[in-house]
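*Asks:*
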Amino acid sequence: MPESDTAHRSSADRAARPLAVVSNREPYLHSLAEDGTVSWSPTTGGVAVALDALMHERGGVWIAHGAGDADRLVVDAHDRVSVPPDAPSYPLRRIWLTEAEEHHYYEGFANEGLWPLCHVAHVKPIFRAEDWRAYQAVNERFARAVEEELPDPAAPVFIQDYHLTLVARHLRALRPDVRIALFWHIPFPHPDQLRICPYRREILEGLVASDLVAFQLERDRRNFLAAARTELGAKVSRSRVYFQNRSTTVYAVPIGVDFDRIQAVTHGPELEAEKERLRRELRIDTPLVGIGVDRLDYTKGIPERLDALDRLFTRRPELRRQLTFVQVAVPSRSKLESYAAVEGDIDQRVAAINARHAGDGLAGGPIRYRKSALRIRRLVALYRLADFCIVSSLHDGMNLVAKEFVAAREDLDGVLVLSEFAGAAQELGDAVIINPYDVGGFADGLEQALDMALEERQRRMRALRRVVAGRDVVQWASDILEGLEHLDPRSMPAPPGSAPRKAPSDTRIVSTSSPTAGR
Ligand code: F6P
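The sequence shown begins at 4 in this note's numbering and counts up by one.
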C-alpha cells in the first residue's frame, strides 16, 4: 500500500474511533407530565448541541448527571438510555446525584464558587468546605463511571468544563494509559483572582492529569500556564506544563457552532411560516425587530442591555412605533440567590421600560420578554426575523448565540451588536462592538446598527460568516481530538529536573491570538 494510503487510513481509523464524553449537563432529559406520561427534550445550550453532533459522528458513550424527573424511568439496568430518544444513535449513561450532592457539588462549588471566580461579573465567589467535599466525591463517581463505560481501552475521553476538574486525576489512577482531553468552556481567571479559591492547587493538579487541556482564548491559556507555574511550581513551556513526571499540552481552541445544521434549518420550507407564527405570538407589528437570546445569567449583561434600549427609546422616541425588542431568557440555576436577584432585576426593568415607552395609544410597550427555551427551528426563525441581535455579556468564554445568529443569516442581512467582553469578539471583529458598562456608547452602537446601510450590513455579515463557517463545531472537536491522538507518548514524561521539551510540531490545533476586537 502506498505510504499516502496508509496515512489516510490511519487518520480515517482515528476519526472513526468511539469516544467517551463526560459532562455535568446531559444532552437529553426525560420529564414526567401531570397525566403520568414521559416526554423528552434536548438540552438547548450551544455546547450540548455541539457535543451531540460530535457523538453522532464518532459514536461511543456520553456520561452525565441524570437531572430529569423521569430520567430513572427510561434507563436500563446499567443506567443507560439510547439517545436521541426518537432516533437512537449512542448510549447515554446517567449518574444519579442526591439532592444534597446536587446542592453542594453543582449549585454550591461549581456555580457559587467556580462560576463567579472565573467570570468578572462582580458576584462574590463562595467557597464552603462541605461544597468542596461533595464536589470531590461526585467527581470521583464520574471517573468510576467513565472507567466502567470506556468503549475500548484506546478510546479518548473528552471532559467538558469546570464541573469536572478532578475526573482526569481519578481516572488516571484507575487507567494510567487512558488518553484524556478537557475543554474549559468558560474564561480561566488570572492567577491573582484564582488565589481566592482555597482549593486551587487541587483543581490545578486535577486539570494537569489530562493529556490535553483546551481553552477558548489565548488569554485563558496564558492564565492557566501562569497559575500552573506559580501555584504548582510546575515547569512550563509555551504550550506545555510539566508536573510530577508527566506533561500536559495546553492550547486555545475556540468553539464553533453546527453551521451546517443551522444552514439546513434556514433552507427548510417552514422558515417563512415559522417567522409569521413568531410575529403573531409575540405581537410584533413594527417594521424593525431587535433580539437577545440568553441563559438567564448575571454574566450576560441583560440589565445593561435594557438600560441601553431605554436610552435609545428616550433619544429617538419615534422608534417606539417602529421597533420591537424580543428578549428570550432561559431560566437557569434559579435556586441560587444571585440568579434570583438578576431575574427580579430584569423583570422590573422590562416593566419599567414598557411603561415608560408605551402611551400615545401604544399598548404594552416595545419589549417582549419570553422566559423559556426555543427549539432550533423557532430559534433560527427568530434569528432571521431580527434586524439586529444583541450579545452584551459582562464576561463570557465564547458566546455561541453570537455565532448562531451569524450562521442563520444566509440572507446576509442583520447586524450583530457584540460585547467586547465575550470571547466571540476576538474572532467577530466585523460586529458592532460595544462595552456593556458604557450605556451611552452602547446606545450609540444600537443607533449605528439601526442606521447602517444595506451594503455595509452585507459586507460585515459576509465577513462574519466566513469566520463562523471556517471554524465550526466539527473543526473545533477535531482540533482537540486529533491534537490528543497526535501527542507523542514518548515525549510526555519529563525527567525530573530536565528542561521543558518543545511542543510537537505535528499538532493540528490552532492556537489563536487576538486578531480583532480590543480586550
Ligand atoms: O457555558 C458553558 C456551560 O457552563 C456548560 O458547561 C453548561 O452546561 C452550560 O453552560 C449551561 O449551564 P447549566 O448546565 O448549569 O445549565
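Glycine included, each C-beta is placed from N, C-alpha and C at the ideal position.
Could you tell me which residues DSSP puts in a beta bridge with Q163?
*Replies:* DSSP lists F186 as partners of Q163.
*Asks:* Check whether the Cβ of D164 sits closer than 6 Å to any heavy atom of the ligand F6P, and report yes or no.
*Replies:* Yes, Cβ of D164 sits closer than 6 Å to a heavy atom of the ligand F6P.
*Asks:* Is it true that the CB of R352 sits closer than 7 Å to the CB of L309?
*Replies:* Yes.
*Asks:* What residues in its chain sit with their C-beta under 6 Å from that of R20, if we drop five residues either side in the sequence?
*Replies:* If we look at R20 and ignore the five residues flanking it on each side, it has no Cβ neighbours.
*Asks:* Give a yes or no on whether the C-beta atoms belonging to Y245 and A124 are separated by under 7 Å.
*Replies:* Their beta carbons are not under 7 Å apart, which means Y245 does not touch A124 by this criterion.
*Asks:* Just to confirm before moving on: does the CB-CB distance between F445 and I437 stay below 7 Å?
*Replies:* Going by C-beta atoms, F445 is nearer than 7 Å to I437.
*Asks:* Select from H81, P88, G259 and S341 the residue whose C-alpha is nearest the C-alpha of W118.
*Replies:* Of the candidates H81, P88, G259 and S341, the one whose C-alpha sits nearest the C-alpha of W118 is S341.
*Asks:* Are three or more beta carbon pairs between the region 464 to 483 and the region 409 to 423 nearer than 8 Å?
*Replies:* Output reads yes: the region 409 to 423 touches the region 464 to 483.
*Asks:* Considering V404, what are the terminal residues of the alpha helix (DSSP H) in which it resides?
*Replies:* Residues L403 to A411.
*Asks:* Less than 6 Å separating the Cβ of H122 from some heavy atom of the ligand ZN?
*Replies:* With respect to the ligand ZN, the structure shown offers nothing to examine, as its ligands consist of the ligand F6P.
*Asks:* Which parts of the region 30 to 106 are runs of the beta strand (DSSP E), unbroken and 3 residues or longer, counting only runs that do not cross its ends?
*Replies:* Entirely contained in the region 30 to 106, the beta strand (DSSP E) runs reaching 3 residues are, in chain order, 31 to 35, 41 to 45, 63 to 68, 83 to 86 and 93 to 98.
*Asks:* Rounding to the nearest angstrom, what Cα-Cα distance links A472 and Q478 in this structure?
*Replies:* Rounded to whole angstroms, A472 to Q478 spans 10 Å at the Cα level.
*Asks:* For R243, which beta-bridge partners are listed by DSSP?
*Replies:* DSSP, once it has assigned bridges, lists T252 as partnering R243.
*Asks:* Rounded to the nearest angstrom, how far is the Cβ of I66 from that of R96, given a contact under 8 Å?
*Replies:* Right, their Cβ atoms sit about 5 Å apart.
*Asks:* Between L377 and R131, what straight-line distance do the alpha-carbon atoms span, to the nearest angstrom?
*Replies:* One C-alpha to the other measures close to 35 Å.
*Asks:* Which stretch, first to last residue, makes up the alpha helix (DSSP H) that contains I356?
*Replies:* Segment E340 to R359, the alpha helix (DSSP H) holding I356.
*Asks:* Can you determine whether any heavy atom of the ligand F6P sits closer than 6 Å to the C-beta of G48, and answer yes or no?
*Replies:* Result yes, Cβ under 6 Å from the ligand F6P.
*Asks:* Does the region 317 to 328 touch the region 398 to 410, meaning 3 or more C-beta pairs lie closer than 8 Å?
*Replies:* The region 398 to 410 vs the region 317 to 328: no contact.
*Asks:* Can you tell me whether M4 is buried or exposed, with buried defined as 16 or more other CB within 10 angstroms of its CB?
*Replies:* Because M4 sits at a pLDDT of 34, beneath the cut-off of 50, its placement in the model cannot be relied upon, and the point is left open.
*Asks:* For R371, tell me which candidate among R175, G295 and R243 has the shortest Cα-Cα distance.
*Replies:* It is G295 whose Cα lies nearest to the Cα of R371.
*Asks:* Taking just the CA atoms, how far does W187 sit from Q163?
*Replies:* Their backbone Cα atoms lie some 7 Å apart in a straight line.
*Asks:* Is the beta carbon of P179 closer than 7 Å to that of A229?
*Replies:* Against a cut-off of 7 Å, the Cβ pair of P179 and A229 comes out as no contact.
*Asks:* Tell me whether R28, by its Cβ, gets closer than 6 Å to a heavy atom of the ligand F6P.
*Replies:* Because some heavy atom of the ligand F6P lies under 6 Å away, the Cβ of R28 counts as near it: yes.
*Asks:* Which residue comes first and which comes last in the beta strand (DSSP E) that contains T289?
*Replies:* Per DSSP, T289 belongs to no beta strand (DSSP E) and is neither H nor E.
*Asks:* Alpha carbon to alpha carbon, what distance is there between S395 and S501?
*Replies:* Annotation note: pLDDT 44 at S501 (below 50); position unreliable, coordinate value reported separately. Distance between the alpha carbons of S501 and S395 is about 46 Å.
*Asks:* Which word fits L484, buried or exposed, when buried means at least 16 other C-beta atoms lie within 10 angstroms of its C-beta?
*Replies:* Classification of L484: buried, given that the 10 Å Cβ count is 16 or more.
*Asks:* Please work out which residues of its chain come closer than 7 Å, Cβ to Cβ, to V126, disregarding the five sequence neighbours upstream and downstream, and give them in chain order.
*Replies:* Here the set comprises P119, Y301 and S341.
*Asks:* According to the neighbour-count rule (16 or more other Cβ atoms, all chains shown, within 10 Å of its Cβ), is K303 buried or exposed?
*Replies:* So K303 ends up on the buried side.
*Asks:* Taking the Cβ atom as the reference point for each residue, do E346 and L312 lie within a distance shorter than 7 Å?
*Replies:* The answer is no: Cβ separation not under 7 Å.
*Asks:* Taking DSSP as the reference, what is the three-state secondary structure of A158?
*Replies:* In the structure shown, A158 sits in coil (DSSP, three-state: anything other than H, G, I, E or B).
*Asks:* Going by other Cβ atoms of all chains shown within 10 Å of its Cβ, with 16 needed for buried, is V142 buried or exposed?
*Replies:* Per the sequence shown, the amino acid found at residue 142 is Asn instead of Val. It is buried - the Cβ of N142 has at least 16 other Cβ atoms within 10 Å.
*Asks:* Looking at S242 and the ligand F6P, is the gap between the Cβ and the nearest heavy atom below 6 Å?
*Replies:* The answer is no for S242.
*Asks:* When you compare only the Cα positions, how much space is there between A70 and G48?
*Replies:* Taking the straight line from one Cα to the other gives about 15 Å.
*Asks:* What are the start and end residues of the alpha helix (DSSP H) that includes R318?
*Replies:* Looking at the DSSP string, the run of the alpha helix (DSSP H) that includes R318 is I305 to R318.
*Asks:* Taking 6 Å as the cut-off, is the C-beta of S44 nearer than that to any heavy atom in the ligand F6P?
*Replies:* S44 Cβ: outside cutoff for every heavy atom of the ligand F6P.
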